[in-house]
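Anchor point for the sequence shown: position 99 equals 98 in numbering that gives the first Met the number 0, and the numbering is continuous, going up by one each time. Structure first, commentary second.
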Amino acid sequence: MKKVTPPDKKKPAGNINKPPFNWAWVYVTILLYLILSPLLSEKMAKETTWQQFSTKILSRKAVAKLEVINKERVDVYIKSSFSKDTAFKEVFKPVFGNGLYHGPHYTFNIGSVETFEHHLDEAEQAFSPAEHIPVSYVTESNWLLNLLSWVVPFVLLFFLWNYLMRRARGVDGHGRQRYLTSENRRLS
């Protein structure tokens with residue numbers, strides 16, 4: 000004979016043997032994103048000096064704009080009309096795919112903003128007013144380091160607090176001593 004199961008005792012639908020969600024994969028994904036995103040999102044600009052910049056780039060009037068970063072570094076953006084020029088072809092090549100890399104193409108360090116501005120004014124003396132290069136001043140900060148400088152001390156305090164509380168409670172977690180002495184055994 001065939002067994003008939005009553006309607007209230009049916010097996011639940013769905014996969015019962017489904018493994019639990021593992022949060023480690025979420026943490027690994029976030030960590031990889033934080034590490035790889037700066038590397039993949041922008042190409043590193045080619046390092047140069049003021050002398051090379053003024054003789055090979057500025058003299059050809061190839062500069063679209065300059066950005067002074069944190070008063071210590073200058074990022075140079077080349078005009079897109081120079082993308083076919085053999086001298087600039089390498090810096091316009093993107094990291095992935097085809098197309099044009101929009102910059103920064105070059106970078107160099109400066110001693111001070113005043114010295115940089117003085118050198119730039121001297122170099123632009125032969126330029127017409129319409130050809131003067133726009134300069135912007137940008138302050139950048141590393142948000143990951145700023146975040147870690149706040150989070151790491153709290154995490155360390157948390158683990159220290161847990162360690163001290165475990166030591167105060169004993170290993171079993173109920174405030175009892177780990178090992179019973181012979182006197183305690185007689186009392187119980």
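Just so you know, even glycine gets a beta-carbon here, dropped at the ideal spot from N, CA and C.
Practice task
Could you check the C-alpha separation between residue 26 and residue 140 for me, to the nearest Å?
Solution key: On the sequence shown, residue 26 is found 27 positions in, with the first residue counted as 1. On the sequence shown, residue 140 is found 141 positions in, with the first residue counted as 1. Looking at the two C-alpha atoms, the distance is approximately 24 angstroms.
Handout entry: Assumed close pair residue 49, residue 107 - CB separation to whole angstroms, cut-off 8 angstroms
Key = If you number the sequence shown from 1, residue 49 lands on position 50. If you number the sequence shown from 1, residue 107 lands on position 108. With a Cβ gap of about 6 angstroms, residue 49 and residue 107 count as contacting.
Handout entry: Opposing strand residues paired with residue 74 [DSSP bridges]
Key = Here residue 74 refers to the residue found at position 75 of the sequence shown. Bridge partners of residue 74: 66, 106.
Exercise for the section: Using beta-carbon positions only, say whether residue 132 and residue 75 come within less than 7 angstroms of one another. Expected result: If you number the sequence shown from 1, residue 132 lands on position 133. If you number the sequence shown from 1, residue 75 lands on position 76. No; because the gap between Cβ atoms is not below 7 angstroms, this pair is not in contact.
Exercise for the section: Could you tell me the distance, in whole angstroms, from the CA atom of residue 100 to the CA atom of residue 93? Expected result: In the sequence shown, the residue the question calls residue 100 occupies position 101. In the sequence shown, the residue the question calls residue 93 occupies position 94. Rounded to whole angstroms, residue 100 to residue 93 spans 5 angstroms at the Cα level.
Problem - From 73, 162, 77, 127, residue whose alpha carbon lies closest to that of residue 114 - result: Residue 114 sits at position 115 when you count from the first residue of the sequence shown. Among 73, 162, 77, 127, the Cα nearest to that of residue 114 belongs to 73.
Handout entry: Cβ-based burial, residue 104 [other Cβ within 10 Å; buried from 16]
Key = Here residue 104 refers to the residue found at position 105 when the sequence shown is read from its first residue. It is buried - the Cβ of residue 104 has at least 16 other Cβ atoms within 10 Å.
Exercise for the section: Only counting runs of 3 or more residues, tell me where the beta strand (DSSP E) segments fall wholly within the stretch 96–157, in order along the chain. Expected result: 105–108, 134–137
Problem - Distance between residue 33 and residue 71 (C-alpha atoms, nearest Å) - result: What you label residue 71 is simply residue 72 of the sequence shown in a count that begins at 1. What you label residue 33 is simply residue 34 of the sequence shown in a count that begins at 1. Going from the Cα of residue 71 to the Cα of residue 33 covers about 25 angstroms.
Practice task
Kindly say whether residue 131, judged by its beta-carbon, lies nearer than 7 angstroms to any beta-carbon of chain D.
Solution key: The question asks about chain D, but that chain is absent: this structure has only one protein chain.
Handout entry: Nearest neighbour of residue 43, chosen from 24, 16, 90 [CA to CA]
Key = As a first step, residue 43 must be located in the sequence shown, where it is residue number 44. The shortest Cα separation from residue 43 among 24, 16, 90 belongs to 90.
Practice task
Determine the burial state of residue 52: buried for a count of at least 16 other Cβ atoms within 10 Å of its Cβ, exposed for fewer.
Solution key: For the purposes of this step, residue 52 is taken as the residue at position 53 of the sequence shown. Classification of residue 52: buried, given that the 10 Å Cβ count is 16 or more.
Problem - Local Cβ density within 10 Å of residue 29, reported as buried at 16 or more and exposed below that - result: Counting from one through the sequence shown, the residue named residue 29 turns up at place 30. Exposed, because fewer than 16 other Cβ atoms sit within 10 Å of the Cβ of residue 29.
Problem - Rounded separation between residue 166 and residue 160 - CA only - result: Working through the sequence shown from its first residue, we reach residue 166 at position 167. Working through the sequence shown from its first residue, we reach residue 160 at position 161. Cα to Cα, the separation comes out at about 10 angstroms.
Practice task
Excluding the 5 residues preceding and the 5 following residue 144 in the sequence, name in chain order all residues of the same chain whose CB lies nearer than 8 angstroms to its CB.
Solution key: The residue given as residue 144 occupies position 145 in the sequence shown. So no residue of the chain qualifies.
Problem - Selection from 21, 129, 35, 54 that minimises the alpha carbon distance to residue 118 - result: Taking the sequence shown and counting its residues from 1, one reaches residue 118 at position 119. Measuring from the Cα of residue 118, the nearest candidate turns out to be 54.
Problem - Closest by C-alpha distance to residue 189, when choosing among 58, 19, 16 - result: For the chain, the structure presents residues 0 to 187; residue 189 sits outside this window and is missing.
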